[in-house]
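Enquirer: Just so you know, we're using this note's numbering here: the sequence shown kicks off at 1 and counts up by one. Think of the CB as a built atom: it goes at the ideal place given N, C-alpha and C, for glycine as much as any other residue.
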Amino acid sequence: MTSTTSPTLLDGRALAEKIRLEFAPEVTTMVEAGKRPRLVVVQVGKNDAAQAYIRGQRRGAEKWQLDFHLETLPAEATEAGVRKALRALNADDGVSGILLSLPLPDGLPTRALQHQIHPSKDVEGVHPENLGGLLWARYGLLPCTALASLALIDESGVDLRGKEAVVVGHSEIVGKPAALLMLARNATVTVCHIDTQDVAAHTKRADVIVVAVGKAGLITGDMVKEGAVVIDVGINAIPSDEGPGRMRLVGDVDFDAVSKKAAAITPVPGGVGPVTVAMLMRNTVLAARGIRVEDAPGQLPLFS
Ligand code: NAD
Numbered sequence: 001m002t003s004t005t006s007p008t009l010l011d012g013r014a015l016a017e018k019i020r021l022e023f024a025p026e027v028t029t030m031v032e033a034g035k036r037p038r039l040v041v042v043q044v045g046k047n048d049a050a051q052a053y054i055r056g057q058r059r060g061a062e063k064w065q066l067d068f069h070l071e072t073l074p075a076e077a078t079e080a081g082v083r084k085a086l087r088a089l090n091a092d093d094g095v096s097g098i099l100l101s102l103p104l105p106d107g108l109p110t111r112a113l114q115h116q117i118h119p120s121k122d123v124e125g126v127h128p129e130n131l132g133g134l135l136w137a138r139y140g141l142l143p144c145t146a147l148a149s150l151a152l153i154d155e156s157g158v159d160l161r162g163k164e165a166v167v168v169g170h171s172e173i174v175g176k177p178a179a180l181l182m183l184a185r186n187a188t189v190t191v192c193h194i195d196t197q198d199v200a201a202h203t204k205r206a207d208v209i210v211v212a213v214g215k216a217g218l219i220t221g222d223m224v225k226e227g228a229v230v231i232d233v234g235i236n237a238i239p240s241d242e243g244p245g246r247m248r249l250v251g252d253v254d255f256d257a258v259s260k261k262a263a264a265i266t267p268v269p270g271g272v273g274p275v276t277v278a279m280l281m282r283n284t285v286l287a288a289r290g291i292r293v294e295d296a297p298g299q300l301p302l303f304s
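#1: In the structure shown, what three-state DSSP assignment does LEU300 receive?
#2: So is the beta-carbon of ASN283 under 7 angstroms away from any non-hydrogen atom of the ligand NAD?
#3: How many angstroms separate the CA atom of PRO37 from the CA atom of ALA146?
#4: Can you tell me the Cα-Cα spacing of ARG292 and ILE19, whole angstroms?
#5: Here's the rule: buried if 16 or more other CB atoms are within 10 angstroms of the residue's CB, otherwise exposed. What is ALA259?
#6: Roughly how many whole angstroms lie between the Cα atoms of GLY311 and HIS202?
#7: Which whole-angstrom value describes the C-beta separation of ILE173 and VAL126, a residue pair presumed to lie in contact below a C-beta threshold of 8 angstroms?
#8: Any heavy atom of the ligand NAD inside 7 angstroms of the beta-carbon of ILE235?
#9: Suppose you measure from the CA of THR2 to the CA of VAL272; what does that come to, to the nearest Å?
#10: Note down, one range per segment and in chain order, each alpha helix (DSSP H) of at least 4 residues found wholly within the stretch 182 to 236.
#11: Straight-line CA distance for GLY214 to PRO244?
#12: Within the chosen definition, does the stretch 274 to 285 reach the stretch 147 to 158 through at least 3 CB pairs nearer than 8 angstroms?
#13: Can you give the beta carbon distance from VAL42 to SER96, rounded, assuming they're within the 8 angstroms contact cut?
#14: Checking the sheet assignment: what are the DSSP bridge partners for GLU164?
#15: So, helix, strand or coil for ILE173, using DSSP?
#16: Can you tell me whether DSSP reads VAL42 as helix, strand or coil?
#17: Just reading off the alpha helix (DSSP H) that LEU249 is part of, what are its end residues?
#18: For the structure I just gave you, are there three or more beta carbon pairs, one from the stretch 190 to 204 and one from the stretch 218 to 238, closer than 8 angstroms?
#19: Just verifying my parser: in three-state terms, what is the DSSP assignment at ASP241?
#20: Is THR110 a contact residue of the ligand NAD, with contact defined as CB to any heavy atom under 7 angstroms?
#21: Would you check whether the ligand NAD has a heavy atom nearer than 7 angstroms to the C-beta of VAL213?
#22: Can we count SER171 as close to the ligand NAD, meaning its CB is less than 7 angstroms from some heavy atom?
#23: Give the straight-line distance between the Cα atoms of SER120 and SER240, rounded to the nearest whole angstrom.
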């Protein structure tokens with residue numbers, strides 16, 4: 001990959017549409033057979049921060065011609081109550097995929113409840129069975145944002161084999177699975193996190209950087225090598241120039257400075273976000289197919 005002053009902008013909306021079109025014939029066949037995939041989002045209480053995500057999920061499902069249902073439980077729902085609702089959805093053959101919207105009200109155990117979702121309906125790919133599949137190369141339902149990051153790297157044209165890949169952020173939902181997915185492509189992967197002594201020392205030698213932290217401006221121009229591919233997962237609301245109280249969304253990467261050095265970079269918004277929604281729909285179609293880890297493919301076909 002050569003250095004450039006005009007990087008390739010990795011257009012997440014265009015890639016999301018490409019993914020949708022890959023699956024459209026299969027969705028049509030399912031619909032014609034009376035088996036339209038159905039995604040159920042379970043929300044406990046009403047969390048303002050989650051509303052935008054849920055709107056995006058609903059829009060994504062409509063675009064893909066999947067059924068979407070928002071099941072709202074009261075904010076005072078007990079753990080037993082949420083478990084019961086999830087069990088009912090697990091048992092319902094008409095439900096393909098289940099997503100537990102986060103954050104949950106205080107006092108409810110997030111992981112324990114997420115793990116109540118049957119692995120065959122776990123469209124966020126967070127159940128230990130699905131995450132285990134990622135470790136032993138049986139790729140079933142995988143975490144959507146990590147998948148989106150890999151798809152955008154593929155879109156840049158870089159072949160990960162033998163490349164230095166650095167992930168900044170080591171959450172279960174993004175950083176760790178993104179690292180494992182790049183490892184599955186035989187990149188040499190380094191994972192940085194809050195206790196990493198010198199993040200720049202790692203990112204400076206990276207051919208591919210995936211940043212998922214949630215801190216605006218964390219990755220500056222001097223931290224990136226000429227010609228790197230940069231995937232910015234972060235979403236941060238910062239004050240906008242448009243007037244007092246107005247906010248705008250940025251990623252974790254100083255876009256203006258880093259885009260002068262990168263060969264390819266994702267914008268925020270319009271990069272990882274739309275592809276993440278597409279991967280959620282992809283997972284819903286895979287779930288409707290009945291994919292399970294034990295018979296999932298040992299390759300990483302993202303779009304099939
Ligand atoms: P998280 O809060 O669970 O994890 C943050 C990670 O950043 C941790 O691993 C922590 O160790 C690391 N970290 C914190 N400060 C650091 C520092 N100074 N240097 C290096 N590492 C540091 O976050 P998450 O759920 O993985 O989300 C990360 C970001 O990605 C957030 O901004 C979130 O909104 C965004 N996100 C975007 C999408 C999308 O679809 N675009 C999806 C999920 C998350």
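Expert: Judging by the given coordinates:
#1: For the purposes of this step, residue 300 is taken as residue 300 along the sequence shown, with counting starting at 1. It is coil, neither helix nor strand.
#2: Position 283 of the sequence shown holds residue 283. Every heavy atom of the ligand NAD is 7 angstroms or more from the Cβ of ASN283, so no.
#3: Along the sequence shown, read from residue 1 onward, the residue named residue 37 stands at position 37. Along the sequence shown, read from residue 1 onward, the residue named residue 146 stands at position 146. PRO37 and ALA146: Cα-Cα distance of roughly 23 angstroms.
#4: In the sequence shown, residue 292 corresponds to position 292, counting from 1. In the sequence shown, residue 19 corresponds to position 19, counting from 1. The alpha-carbon atoms of ARG292 and ILE19 are separated by roughly 21 angstroms.
#5: Looking up residue 259 in the sequence shown gives position 259. The question names Ala, but residue 259 in the sequence shown is Ser. Buried is the call here.
#6: An answer regarding residue 311 cannot be provided, because it is not within the stretch 1 to 304 covered by the chain.
#7: Along the sequence shown, read from residue 1 onward, the residue named residue 173 stands at position 173. Along the sequence shown, read from residue 1 onward, the residue named residue 126 stands at position 126. About 7 angstroms separates the two Cβ atoms, so the contact holds.
#8: Against the sequence shown, residue 235 aligns to sequence position 235. Yes.
#9: Along the sequence shown, one-based indexing puts residue 2 at 2. Along the sequence shown, one-based indexing puts residue 272 at 272. Interpretation of THR2 is limited by its pLDDT of 46, a score under 50 that renders its predicted location unreliable; no figure is taken from the coordinates.
#10: 199 to 203
#11: For the purposes of this step, residue 214 is taken as the residue at position 214 of the sequence shown. For the purposes of this step, residue 244 is taken as the residue at position 244 of the sequence shown. Roughly 23 angstroms separates the two Cα atoms.
#12: yes
#13: Residue numbering aside, residue 42 sits at position 42 when the sequence shown is read from its first letter. Residue numbering aside, residue 96 sits at position 96 when the sequence shown is read from its first letter. No, VAL42 and SER96 are not in contact; Cβ-Cβ is about 14 angstroms, not under 8 angstroms.
#14: Position 164 of the sequence shown, counted from the first residue, corresponds to residue 164. DSSP, once it has assigned bridges, lists THR188 as partnering GLU164.
#15: Within the sequence shown, the letter at position 173 stands for residue 173. Three-state DSSP puts ILE173 in coil, outside helix and strand.
#16: Taking the sequence shown and counting its residues from 1, one reaches residue 42 at position 42. In the structure shown, VAL42 sits in a strand (DSSP, three-state: E or B).
#17: Here residue 249 corresponds to residue number 249 of the sequence shown, with the count starting at 1. First-last for LEU249: 247 to 250, but that is the beta strand (DSSP E), not the alpha helix (DSSP H).
#18: yes
#19: One-based indexing of the sequence shown puts residue 241 at position 241. Coil at ASP241, not helix or strand.
#20: Locating residue 110 in the sequence shown gives position 110, where the first residue counts as 1. No, the beta carbon of THR110 sits no closer than 7 angstroms to any heavy atom of the ligand NAD.
#21: Taking the first residue of the sequence shown as 1, we reach residue 213 at position 213. Because some heavy atom of the ligand NAD lies under 7 angstroms away, the Cβ of VAL213 counts as near it: yes.
#22: What you label residue 171 is simply residue 171 of the sequence shown in a count that begins at 1. Flag set: Cβ of SER171 near the ligand NAD.
#23: As a first step, residue 120 is located in the sequence shown; it is residue number 120 there, counting from the start. As a first step, residue 240 is located in the sequence shown; it is residue number 240 there, counting from the start. Each residue's alpha carbon lies about 42 angstroms from the other.
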